[in-house]
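The opening residue of the sequence shown carries number 34 in my numbering; numbering runs sequentially from there. Input: a single structure, listed below in structure tokens.
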Amino acid sequence: MVSTLDRASKESVLTSASTLPFGQSLSSWFIEPQLNPASCVPEETVGAYPTLTKYGAHPLRQSKIDRAYFKMDAEERINRIWELRRALDDRLVILGHHYQRDEVIQFADFRGDSYKLSQQAATRRDAEMILFCGVHFMAETADILSGAEQKVILPNLEAGCSMADMANIRDVELCWSTLGSLGISRVIPVTYMNSAASLKAFCGRHDGIVCTSSNAPRVFDWSFARGERILFFPDEHLGRNTGNLKGIPSDQMVVWDPFQPMGGITEDALRNARVILWKGYCSVHARFSVEQIEQARAAFPDVQVIVHPECREEVVNASDAFGSTEHIIDVVSSAPAGSTWAIGTEINLVNRLQKEMPEKTIFCLDPVICPCSTMYRIHPAYLLWTMERLVEGDMVNQIMVDGDTRREALIALDRMLAVP
Ligand code: 13P
Ligand code: SF4
Numbered sequence: 034m035v036s037t038l039d040r041a042s043k044e045s046v047l048t049s050a051s052t053l054p055f056g057q058s059l060s061s062w063f064i065e066p067q068l069n070p071a072s073c074v075p076e077e078t079v080g081a082y083p084t085l086t087k088y089g090a091h092p093l094r095q096s097k098i099d100r101a102y103f104k105m106d107a108e109e110r111i112n113r114i115w116e117l118r119r120a121l122d123d124r125l126v127i128l129g130h131h132y133q134r135d136e137v138i139q140f141a142d143f144r145g146d147s148y149k150l151s152q153q154a155a156t157r158r159d160a161e162m163i164l165f166c167g168v169h170f171m172a173e174t175a176d177i178l179s180g181a182e183q184k185v186i187l188p189n190l191e192a193g194c195s196m197a198d199m200a201n202i203r204d205v206e207l208c209w210s211t212l213g214s215l216g217i218s219r220v221i222p223v224t225y226m227n228s229a230a231s232l233k234a235f236c237g238r239h240d241g242i243v244c245t246s247s248n249a250p251r252v253f254d255w256s257f258a259r260g261e262r263i264l265f266f267p268d269e270h271l272g273r274n275t276g277n278l279k280g281i282p283s284d285q286m287v288v289w290d291p292f293q294p295m296g297g298i299t300e301d302a303l304r305n306a307r308v309i310l311w312k313g314y315c316s317v318h319a320r321f322s323v324e325q326i327e328q329a330r331a332a333f334p335d336v337q338v339i340v341h342p343e344c345r346e347e348v349v350n351a352s353d354a355f356g357s358t359e360h361i362i363d364v365v366s367s368a369p370a371g372s373t374w375a376i377g378t379e380i381n382l383v384n385r386l387q388k389e390m391p392e393k394t395i396f397c398l399d400p401v402i403c404p405c406s407t408m409y410r411i412h413p414a415y416l417l418w419t420m421e422r423l424v425e426g427d428m429v430n431q432i433m434v435d436g437d438t439r440r441e442a443l444i445a446l447d448r449m450l451a452v453p
């Protein structure tokens, strides 16, 4: 991953002001990272398992693949994947999320944010198999939305989402029954796409709905047309930022902490609430800070800051714009040449935009590399391993949602897809 400002503009940026008021070097935004992403071994994780265990999550484990897949020459690996891709032809469609590394996203027949990818999964009925280069909840959603005969495959079963794992069905049921026992009614459950299928099913059977970061405001409108309150999980920040956009006063948004009795909320506050937010967050987007925005503005007076709505409220408020990955791409792509953008989202997407638009100055708001460690687990080695097996008719790593969950989750997903 190399900063792709051309050398002349990079040098001019670095010499115009070498030190920021905060004592940080300006060059740190354009540091060329030490890691070559394709040689980074993804299953050697960053200590996520203890945290997930605390939340009661039991993420899937990927069976070990031969080290030779990692050790082989990167170019040879890519060539072999292309050969297999051609052999599988239109039996296979490959979907890729924008956060996937370049070595993987190049194979995607379609790339998108989680909303667009779910639309693709619902409409690509011609392919026998859908290979999902993204994370587990996306593959589950693709399985629910695709045809009964279609098979959805996730190249590495350990590509989960730590935020999705922060809400489990048992804790959400407990919260729901607590609200019921207090006589708090007309609550619409809304789950963010980044959640397990069981939570989507919960929303399906309780007159609720799914949202993504691109349609959350419209889903809030849909929900308030049908109820008085929203129970929103698992991302506290997307929920609060959307509530703010809809003009919900902050004292009418409370945070349910699944580790506290009664969610750590008083009965009065719960009765007064219009939005009950789940205490969950994205470890990538929670890193962005107002201080980083101030530093970017000090270094580049004409900078525009755009962030993902999974960022904390104060970060979203200090930015010039916010929106889903697709929205970020649209805004930055349509900006004039010469404009400067600090982007608060995952590094693979930011680096790609930087490469694709050398006529603009584009950098990640977090000067320290900011990857999604679970998206990163879709390493080309796993792609090769998976596709070799698919060619042989061995359906490895198939993601299958059970019948009842699928039926109820589909109700909530169909509602989302029908929201205008
Ligand atoms: P998008 O829906 O914007 O693609 O976001 C998905 C995601 O996981 C962001 O962290
Ligand atoms: Fe989950 Fe955050 Fe990664 Fe998105 S960026 S998949 S929310 S951990």
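The beta-carbon is built from N, C-alpha and C at its ideal position, and this holds for glycine as well. The structure displayed is predicted, hence computed values, not measured ones.
P267 sits close to S228, with the two beta carbons spaced by under 8 Å. The three-state secondary structure of V340, taken from DSSP, is strand. In this structure, Q139 is the residue among V168, Q139 and D447 with its C-alpha nearest to the C-alpha of I114. E392 is a Cβ neighbour of A370, given a cutoff of 8 Å.
The beta carbons of I221 and R259 sit about 6 Å from each other, so the pair counts as a contact at 8 Å. Note that the C-beta distance between F170 and V205 is not below 8 Å. Look at T358 here: in three-state DSSP terms it is helix. Bounds of any alpha helix (DSSP H) do not take in M408, whose DSSP letter is neither H nor E.
The C-alpha of E173 is placed about 17 Å away from the C-alpha of A160. A direct Cα-to-Cα measurement between Y148 and A319 gives close to 21 Å. At least 8 Å separates the beta-carbon of V429 from that of R440.
Beta-bridge annotation (DSSP): C166 is paired with G129.
Sixteen is the threshold: when 16 or more other Cβ atoms of the shown chains lie within 10 Å of the Cβ of E343, as they do, the residue is buried. Per DSSP, P334 lies in no alpha helix (DSSP H) and is assigned neither H nor E.
Note that the region 372-379 does not touch the region 95-102; fewer than 3 beta-carbon pairs, one per stretch, sit closer than 8 Å. By the neighbour-count criterion, in which 16 or more other beta carbons inside 10 Å mark a residue as buried, T438 falls on the buried side. For F321, the three-state secondary structure derived from DSSP is coil. Taken in chain order, the unbroken stretches of alpha helix (DSSP H) that lie wholly in the region 193-236 and span 4 residues or more are 202-214. The shortest C-alpha to C-alpha distance from F333 to any of R144, I395 and G272 is the one to I395. Boundaries of the beta strand (DSSP E) around R262: R262 to F266. Residue list for ligand 1: D146, S147, T245, S246, S357 and T358 (CB closer than 5 Å to any heavy atom, chain order). Annotated as distal: Q431 and V126, with beta-carbon spacing of 8 Å or more. In terms of Cβ geometry, W289 and I298 form a close pair [threshold 8 Å].
Going by C-alpha positions, T156 is about 13 Å away from E182. In this structure, the beta-carbon distance from E261 to R219 falls below 8 Å. Under the 10 Å beta carbon count, S210 is surrounded by fewer than 16 other beta carbons and is classified as exposed.
Under the three-state reduction of DSSP output, I395 falls in the strand class. Between ligand 2 and H131, a heavy atom-to-CB distance of less than 7 Å is absent.
If the five residues before and after G272 are omitted, its C-beta is found closer than 7 Å to the C-beta atoms of F265, V308 and L310, all from its own chain and listed in chain order. In the assembly as shown, K104 is an exposed residue. Its beta-carbon has fewer than 16 other beta-carbons within 10 Å. In the displayed model, L310 falls within a strand according to three-state DSSP. In the three-state reduction of the DSSP assignment, A249 falls in the helix class, which pools H, G and I. Those residues having their beta-carbon less than 7 Å away from any non-hydrogen atom of ligand 2 are, in chain order, Y132, V168, C194, S195, M196, A197, N227, C315, S316, V317, H318, E343, E379, C405, T407 and M408.
A straight-line Cα-Cα distance of about 33 Å links F253 and S372.
Each residue's CA atom was taken as its position, placing K279 and S352 some 18 Å apart.
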